[in-house]
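Participant: For what it's worth, the numbering used here labels the leading residue of the sequence shown as 4, then goes sequentially. In this text, a Cβ means the ideal position worked out from N, Cα and C, and glycines have one as well. Please see the structure below; I have some questions.
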Amino acid sequence: MFGLTPVGFFHTLISITAVIAGICAYVQERRIHPDDVAGEIYIWATIFACLTGFGLFVHGGFGKAHVLGIATLLVLTVAALAGKRNIFGRASLYVETVFYSATFLFHMIPGMTETLTRLPAGRPVFANPEDPGLQALMGILFLLFLIGAGYQVKSLRPALSENRVERAMQ
């Protein structure tokens, strides 16, 4: 189907699951949080999507998508450490939130590229990943990520201030 191998099809299903869970997390919590059901599903589906992605060699070998998979796993690890171990001190909640959001952007890059260079069948929207229109779309996605991350950071500030006041009063 659409030139996908069985591994590619399974990888796509897992990736779609992660994206849907990520959207649910954003709707429910305005961020991806590992203690939330949608956040936990997102994180595990993202890990499995990365791992299955390492078995895909569409362009003949180790490539940009594999590097993005490694980067995603590293960013997930930093986000988890920030959230669980507080390794960035007062900035840990910001790092956790923005890094999990970055992994959502990382899903969008290959997701949009693969979809828009394959569909509609026989006449895809973009000819190849280097198509200027697709590159512009990637720039727009990055801009939306920056705006969203800025909004998340701004919305976390009151929560952090309340926590500091509560701790000071104890």
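1. Measuring straight from C-alpha to C-alpha, what distance separates residue 100 and residue 92?
2. From residue 16 to residue 89, what does the alpha carbon distance come to, in whole angstroms?
3. Quick one: complete alpha helix (DSSP H) runs, 4+ long, within the stretch 6-41?
4. Buried or exposed for residue 70, please, with buried defined as at least 16 other CB atoms from any protein chain shown within 10 angstroms of its CB.
5. Shortest alpha-carbon distance to residue 148 belongs to which of 78, 96 and 106?
6. Can the beta-carbon of residue 120 be found less than 7 angstroms from the beta-carbon of residue 129?
7. Suppose contacts are defined by Cβ-Cβ distances below 7 angstroms. Is residue 68 in contact with residue 45 by that definition?
8. According to DSSP, is residue 120 part of a helix, a strand, or is it coil?
9. DSSP three-state call for residue 133: helix, strand or coil?
10. Grab me the residues of residue 59's own chain with a C-beta within less than 8 angstroms of its C-beta, minus the 5 sequence neighbours each way, in chain order.
11. For the pair the stretch 124-143 and the stretch 25-41, tell me if three or more CB-CB distances fall below 8 angstroms.
12. Would you mind sorting residue 78 into buried or exposed? The rule is 16 or more other CB atoms within 10 Å of its CB.
13. Look at residue 81 and residue 51 and say whether their C-beta atoms are less than 7 angstroms apart.
14. Confirm, please, whether the CB-CB distance from residue 49 to residue 21 is below 7 angstroms.
15. Let me make sure I understand the geometry here. Which of 116, 123 and 125 has the alpha-carbon closest to that of residue 135?
16. How many Å lie between residue 138 and residue 98 at the Cα?
17. Starting from residue 73, follow the alpha helix (DSSP H) in both directions and report where the run begins and ends.
18. In angstroms with no decimal places, state the Cα-to-Cα distance between residue 114 and residue 131.
Facilitator: Per the coordinate set shown:
1. To locate residue 100, count along the sequence shown from 1; it is residue 97. To locate residue 92, count along the sequence shown from 1; it is residue 89. Using only the alpha carbons, I get a separation of about 14 angstroms.
2. Here residue 16 corresponds to residue number 13 of the sequence shown, with the count starting at 1. Here residue 89 corresponds to residue number 86 of the sequence shown, with the count starting at 1. Distance between the alpha carbons of residue 16 and residue 89 is about 33 angstroms.
3. 9-32
4. Numbered from 1 along the sequence shown, position 67 holds the residue referred to as residue 70. It is exposed - the Cβ of residue 70 has fewer than 16 other Cβ atoms within 10 Å.
5. As a working note, residue 148 is residue 145 in the sequence shown. Of the listed residues, the one whose Cα sits closest to residue 148 is 106.
6. Residue numbering aside, residue 120 sits at position 117 when the sequence shown is read from its first letter. Residue numbering aside, residue 129 sits at position 126 when the sequence shown is read from its first letter. Cβ atoms of residue 120 and residue 129: closer than 7 angstroms.
7. Sequence index remark: in the sequence shown, residue 68 carries index 65 (1-based). Sequence index remark: in the sequence shown, residue 45 carries index 42 (1-based). No, the Cβ-Cβ distance between residue 68 and residue 45 is not below 7 angstroms.
8. As a working mapping, residue 120 is identified with position 117 in the sequence shown. Residue 120 falls in the coil class under three-state DSSP.
9. The sequence position of residue 133 within the sequence shown is 130, counting from 1. Coil.
10. As a position in the sequence shown, residue 59 is number 56, starting the count at 1. Counting only Cβ-Cβ distances below 8 angstroms, and skipping sequence neighbours, we find 8, 10, 11, 14 and 68.
11. no
12. Counting from 1 along the sequence shown, the entry for residue 78 is found at position 75. The residue is buried, with at least 16 neighbouring Cβ atoms inside 10 Å.
13. Here residue 81 refers to the residue found at position 78 when the sequence shown is read from its first residue. Here residue 51 refers to the residue found at position 48 when the sequence shown is read from its first residue. No, Cβ-Cβ distance for residue 81 and residue 51 is not below 7 angstroms.
14. By one-based count along the sequence shown, residue 21 stands at place 18. By one-based count along the sequence shown, residue 49 stands at place 46. Yes, these two residues count as a Cβ contact at 7 angstroms.
15. Taking the first residue of the sequence shown as position 1, residue 135 is located at position 132. Cα-wise, what sits closest to residue 135 is 116.
16. Taking the sequence shown and counting its residues from 1, one reaches residue 138 at position 135. Taking the sequence shown and counting its residues from 1, one reaches residue 98 at position 95. One C-alpha to the other measures close to 27 angstroms.
17. Residue 73 sits at position 70 when you count from the first residue of the sequence shown. That run of the alpha helix (DSSP H) goes 67-88.
18. To locate residue 114, count along the sequence shown from 1; it is residue 111. To locate residue 131, count along the sequence shown from 1; it is residue 128. If you take the alpha carbons of residue 114 and residue 131, they lie about 13 angstroms apart.
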